[in-house]
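2 protein chains.
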Amino acid sequence: MSNKALDDRKKKVLQAIVEEYVNTAEPVSSNALTNNYGLNYSSATIRNEMSDLEKAGYLDKTHTSSGRIPSEKGYRYYVDELIKEDHISIEEIKYISSKLETKVNEIEDLTKIAANTISEVTHYTTVSIGPKTTNQLIEEIKFVLLGTRMMLAVILTESGMVKETIIKFDEDVTPKQVETMNYMFNNKLKGQPIETIDRPLEEYLYDEMTYSVNVIKPIIEQIKKVIQEESNVYLEGANKSFELPEFNSLEVAKNFINVLDTKELISDMLNSGFAEDINVYIGEENQKEELKDFSVVTFKHKVNGKDLGTIGIIGPKRMDYAKVISVMKYISKKLNGGN
Amino acid sequence: MSNKALDDRKKKVLQAIVEEYVNTAEPVSSNALTNNYGLNYSSATIRNEMSDLEKAGYLDKTHTSSGRIPSEKGYRYYVDELIKEDHISIEEIKYISSKLETKVNEIEDLTKIAANTISEVTHYTTVSIGPKTTNQLIEEIKFVLLGTRMMLAVILTESGMVKETIIKFDEDVTPKQVETMNYMFNNKLKGQPIETIDRPLEEYLYDEMTYSVNVIKPIIEQIKKVIQEESNVYLEGANKSFELPEFNSLEVAKNFINVLDTKELISDMLNSGFAEDINVYIGEENQKEELKDFSVVTFKHKVNGKDLGTIGIIGPKRMDYAKVISVMKYISKKLNGGN
DNA sequence: TTTAGCACTCTTTGTATTTGATTGCTAACT
DNA sequence: AGTTAGCAATCAAATACAAAGAGTGCTAAA
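First to last, the protein sequences are chains A and B.
Counting from 1, one number per residue, gives the positions in the first sequence under our numbering.
Counting from 340, one number per residue, gives the positions in the second sequence under our numbering.
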């Protein structure tokens, strides 16, 4: 309740408790901190500080005579105020660098590689989603005839994303027709935001009735469908979470599986964060009811301000925030061409 | 041990025990079967039969004074000999029919829909994988230039599968060059099995050096890569399994998650079955060590003898084989255009 | 061949009891 | 005033034991 700033020793105690708890997964006793973390006081002194921190809402107890664990407010304070230096080793930096050097042809693959790397280095479960198609600008649109009643539409955006979709017709289409459509569609659509693609598309229906509705309509429908559909959610290291002691509770494990199985939930979760920087949601801070027992850290992977996908970590509230944030920061920098 | 054929009453008892155990997940007592499943005998008589069936290896006990559960041999006998009529309701048939009527543009989507339907109807976790690209014949191959240093390659197979891949170059490529390549590649590759695509491709390197190696080499490499890579594994209803009592054991639950997380394992599993009909693997019958505590039922979804993907169910050994097999059979028939 | 009866086995459930870790508080110490 | 030693109080977890209940196997009779 009291919103007085914490004095230095209290900060030290809180930090020590968070870090110890993150390591051991056991409530932290006053004794465990004496002569540790630079706290050269007796257990009684630590106990007094812990008592104060609990009154101020930063710590919780599991029962009257147990050690302390950080409350959500405690974790939040830790994340906001107490993480100073980077928690990432030289080996990890090297490993991450080497992984990110992999050449990829599609930017979605880069997001997958980054998510995979984060999961490997942090040992948490990661989820990722490709870039949002809406609000990208169309660079080029191409139609390729496959056989006589099937066509591939390829949309290339300015940020280098490629979307393909197959369109089937009820009547034959000639190469000549496709060629003309290529020309026409490009003329109308180049430079347009993909989001508003259906407006210029509608115009074809009325303006240029050189083709039958049977040809134009499936094209419009299919393209609309493709740009509107959520991109696939990718999952990395679901099993890693099950090594953590909090997942020994069947209740928790079940909830976790349910969350991972609900792609829309993951998708919403990844899209909800602010575009800037790294977003940390601790327990109840999560919008979604199903996530209130977990913590989520997301970041939108951007290059030159262009959305290239979002990566998220889902884990217990007892998460190694310092490490997760450090790894994400480093990867973010690397992806943006930093060193 | 004794391989004498089971008499009618023993068959009835075994069948009753399997079905009762599948329903209740509790060891079946002799008492539970009296005046049930057409067994109008006292519990003592049933007990004698159970004792015989146990000696013959069809039943197990969890401890000396417990009821019986089917052994793997018991399940196997049940699957091979005791399932007679279809275990599928009118409502389920209607539901499945309606789901399968969804129009799809890509055959992989059909496999996904079928897998999803199976999971919904059986309440088990399903996995699926797209058709194997190797051993398909190339119908058409198209290159589409995107910008000046990026190209999309589209491979269309005779069974209607479409594979796309993006190729990047270190030098500019002209539309004229792409056009010629389209012509050349199609000439050489049409009708060839996709599996042996790299042999004709190699010939370009030596025979037709009109283009620089910088152009031809990335094409060959990328196409090779795409046809060799395993298609994605899709997962449906992982959470459904966690409702089953056997997954209350943390050990089992963890193993299960590990299996689902190991895509290569799933992929191998799905590819290992015989192409014909439905394959049932009960516990130890599974090749993979990790699956020995589970049962797996797979079927290759084929149309006109062409592989269009494989669907598998993973669940506890106490699986409702009768229902699973019935549902798969029905879907298989439907996909092949039956009624 | 079937079944009633009963001793025996083993799990499950419930209930104390003990052990050990940790706190909160008080009084003494620096 | 801040720090610490000491100690009673608290509670979870482990241990032990007893009782209940479900089910079998076997024997002897129908």
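In this text, a Cβ means the ideal position worked out from N, Cα and C, and glycines have one as well.
The three-state secondary structure of L647/B, taken from DSSP, is strand.
Legend: CB atoms of the segment 83 to 106 of chain A lying less than 9 angstroms from CB atoms of chain B belong to residues K103, N105, E106. If you look at M150/A, you'll find it in the beta strand (DSSP E) that goes 150 to 157. Between I282/A and T298/A, the C-beta spacing is not below 8 angstroms. In the DSSP assignment, the residues bridged to V162/A are L156/A.
For L14/A, the three-state secondary structure derived from DSSP is helix. Secondary structure at G315/A: strand, using DSSP grouped into helix, strand and coil.
Listed as beta-bridge partners of S128/A by DSSP are Y234/A, I311/A.
DSSP, reduced to helix, strand and coil, places S634/B within a strand of the structure shown. Its Cα nearest to that of R199/A, the residue E221/A stands out among E221/A, E20/A, A153/A. Residues of the segment 630 to 651 of chain B with a Cβ closer than 7 angstroms to any Cβ of chain A: none. In this structure F613/B is exposed. Its beta-carbon is surrounded by fewer than 16 other beta-carbon atoms within 10 angstroms. In this model, N187/A and I536/B are separated by some 37 angstroms (Cα to Cα).
When CB distances to chain B are screened at a threshold of 7 angstroms, the residues of the segment 127 to 141 of chain A falling below it are E140, in chain order. Leaving aside the five residues that flank S611/B on each side, the residues in its chain whose CB is nearer than 7 angstroms to its CB run, in chain order, Q626. Residue state for N597/B is assigned as helix, using DSSP reduced to three classes.
When DSSP states are grouped into helix, strand and coil, E171/A belongs to the coil group. The beta carbon of K306/A lies closer than 6 angstroms to those of S159 in the same chain, with the five residues before and after it left out.
For the 8 angstroms CB-CB criterion, S382/B and G406/B do not form a contact. The shortest CA-to-CA distance from L39/A to any of I88/A, D8/A, L189/A is the one to D8/A. With respect to the 8 angstroms criterion, N521/B and K471/B are not classified as neighbours on the basis of their beta carbons. Remark: C-beta atoms of Y321/A and V296/A do not approach each other more closely than 8 angstroms. Per DSSP, D425/B lies in no beta strand (DSSP E) segment and is marked neither H nor E.
Distance from the CA of L189/A to the CA of N597/B, rounded to the nearest whole angstrom, comes to 47 angstroms.
The residue among T473/B, N370/B, I558/B with its C-alpha nearest the C-alpha of I566/B is T473/B. Listed by position along chain B, the residues whose Cβ is nearer than 9 angstroms to that of K168/A are K442, N444. Ranking R318/A, G130/A, Q177/A, D170/A by CA distance to the CA of K300/A puts G130/A first. Put simply, of I652/B, T601/B, D616/B the residue whose alpha carbon is nearest the alpha carbon of E628/B is T601/B.
Using a 10 angstroms sphere on the CB of S249/A, the tally of other CB atoms stays under 16, which defines it as exposed. Secondary structure of V591/B (DSSP, three-state): helix. In the structure shown, the three-state DSSP call for I282/A is strand.
The beta carbon of I257/A sits closer than 8 angstroms to some beta carbon of chain B.
In this chain, the alpha helix (DSSP H) harbouring L265/A covers 263 to 272.
For N553/B against E510/B, the beta-carbon gap comes to about 5 angstroms, under 8 angstroms, which counts as contact. Of all C-beta pairs linking the segment 99 to 117 of chain A to the segment 449 to 467 of chain B, fewer than three are shorter than 8 angstroms, placing the two stretches out of contact. In the assembly as shown, K662/B is a buried residue. Its beta-carbon has 16 or more other beta-carbons within 10 Å.
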